[in-house]
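If you count the sequence shown from 1, position 186 lands on 186 in the UniProt record's numbering, and the numbers rise without skipping.
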Amino acid sequence: MGCTICEYNLHPYPFFLIIHLCHSCVNFIFCPLFLSSWNAAYESELQIFQESGDAGEIWFGEESMIRLIRWMEKQKIPLDSSVLDIGTGNGVLLVELAKCGYTNLTGIDYSPSAIQLSQNIMEKEGLSNIKLQVKDFLIPSTELSGFQICIDKGTFDAISLNPDNAAEKRKQYVKSLCTVLKMEGFFLITSCNWTKEELLNEFREGFEILEELPTPKFCFGGRIGNSVTALVFQRKK
Numbered sequence: 001m002g003c004t005i006c007e008y009n010l011h012p013y014p015f016f017l018i019i020h021l022c023h024s025c026v027n028f029i030f031c032p033l034f035l036s037s038w039n040a041a042y043e044s045e046l047q048i049f050q051e052s053g054d055a056g057e058i059w060f061g062e063e064s065m066i067r068l069i070r071w072m073e074k075q076k077i078p079l080d081s082s083v084l085d086i087g088t089g090n091g092v093l094l095v096e097l098a099k100c101g102y103t104n105l106t107g108i109d110y111s112p113s114a115i116q117l118s119q120n121i122m123e124k125e126g127l128s129n130i131k132l133q134v135k136d137f138l139i140p141s142t143e144l145s146g147f148q149i150c151i152d153k154g155t156f157d158a159i160s161l162n163p164d165n166a167a168e169k170r171k172q173y174v175k176s177l178c179t180v181l182k183m184e185g186f187f188l189i190t191s192c193n194w195t196k197e198e199l200l201n202e203f204r205e206g207f208e209i210l211e212e213l214p215t216p217k218f219c220f221g222g223r224i225g226n227s228v229t230a231l232v233f234q235r236k237k
């Protein structure tokens with residue numbers, strides 16, 4: 001964190017953010033100002049959807065969803081594989097997976113308003129077979145286990161930025177992931193706060209890296225960097 005070079009206001013979702021571009025690491029860094037709670041933000045998104053039908057923001061953009069789905073298709077992941085979207089938000093990723101033929105989809109979020117928004121969006125899309133639950137991923141649950149695919153697109157970032165003992169929460173995240181993901185299952189993570197090397201360190205226990213997915217690059221000050229990091233891990237036996 002700590003970069004103060006190039007900053008501009010980003011949309012206030014799920015809380016107000018400032019984005020920085022660091023000259024030394026040439027990487028985007030998101031800094032939360034915590035001016036709004038997750039649930040309050042999703043309540044606003046829910047109201048907007050009810051008024052205009054706008055589903056809201058797609059974390060890291062539409063290309064981030066396409067990147068994950070293309071990897072699953074390339075690997076010939078069976079369409080009935082159990083998939084968990086960790087921190088599903090508005091559920092748009094699950095909607096796209098369903099449109100691509102995947103049939104065993106579950107989304108969790110600890111914000112009731114997020115789950116309500118997801119349900120409303122899926123009703124509009126005519127999708128009734130996607131399971132949605134209000135769950136705090138950091139609190140282990142026997143109801144969530146045996147998933148073949150787990151996807152995180154920004155949730156680990158948000159947990160990492162929690163001002164209340166973030167290091168311990170990151171450890172608990174890994175423990176929870178081991179609980180829900182079956183042996184040799186795949187974990188797909190997209191992050192804007194962590195480099196590949198840092199993520200490898202965070203998930204070194206119980207996971208091995210399979211692939212780094214290509215993400216947009218940019219040049220600043222003669223140096224090349226990535227706006228996000230996208231990795232595929234596999235849970236070790």
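Backbone N, C-alpha and C fix where the C-beta goes; we use that ideal spot for every residue, glycine too.
- Annotated three-state conformation of residue 118 is helix, per DSSP.
- By the CB criterion at 9 angstroms, residue 139 and residue 94 fall outside the cutoff.
- Residue range 92-99 is occupied by the alpha helix (DSSP H) that includes residue 92.
- Here residue 164 is exposed: its Cβ has fewer than 16 other Cβ atoms, across all protein chains shown, within 10 Å.
- Going by beta carbons, residue 191 and residue 149 fall outside the 9 angstroms limit.
- Of 121, 85, 62, the smallest CA-CA separation from residue 46 is found for 121.
- The alpha carbon of residue 133 has as its nearest neighbour, out of 111, 200, 124, 151, the alpha carbon of 111.
- Only residues of its own chain outside the window of five on either side were considered, and among them 86, 176 have a CB closer than 6 angstroms to the CB of residue 137, listed in chain order.
- Taking the Cα positions, residue 161 is about 13 angstroms away from residue 171.
- In this chain, the alpha helix (DSSP H) harbouring residue 67 covers 62-74.
- For the pair residue 233 and residue 212, the Cα-to-Cα distance works out to about 9 angstroms.
- Runs of the alpha helix (DSSP H) spanning 4 or more residues and lying entirely within the UniProt domain "Methyltransferase" (81-211) occur at 92-99, 112-125, 155-160, 166-180, 196-202, in chain order.
- In the three-state DSSP reduction, residue 46 falls in the helix class (H, G or I).
- The beta carbons of residue 154 and residue 114 sit about 12 angstroms from each other, so the pair does not count as a contact at 8 angstroms.
- Residue 202 and residue 174 have their C-alpha atoms roughly 8 angstroms apart.
- Distance from the Cα of residue 143 is smallest, within the candidate group 158, 117, 101, 106, for 106.
- Out of 109, 70, 108, 189, the CA that lies nearest to the CA of residue 101 is found in 70.
- The beta carbon of residue 119 lies closer than 7 angstroms to those of 132 in the same chain, with the five residues before and after it left out.
- Bounds of any beta strand (DSSP E) do not take in residue 215, whose DSSP letter is neither H nor E.
- With respect to the 9 angstroms criterion, residue 66 and residue 84 are not classified as neighbours on the basis of their beta carbons.
- With respect to residue 217, residue 227 sits close: the two C-beta atoms are nearer than 9 angstroms.
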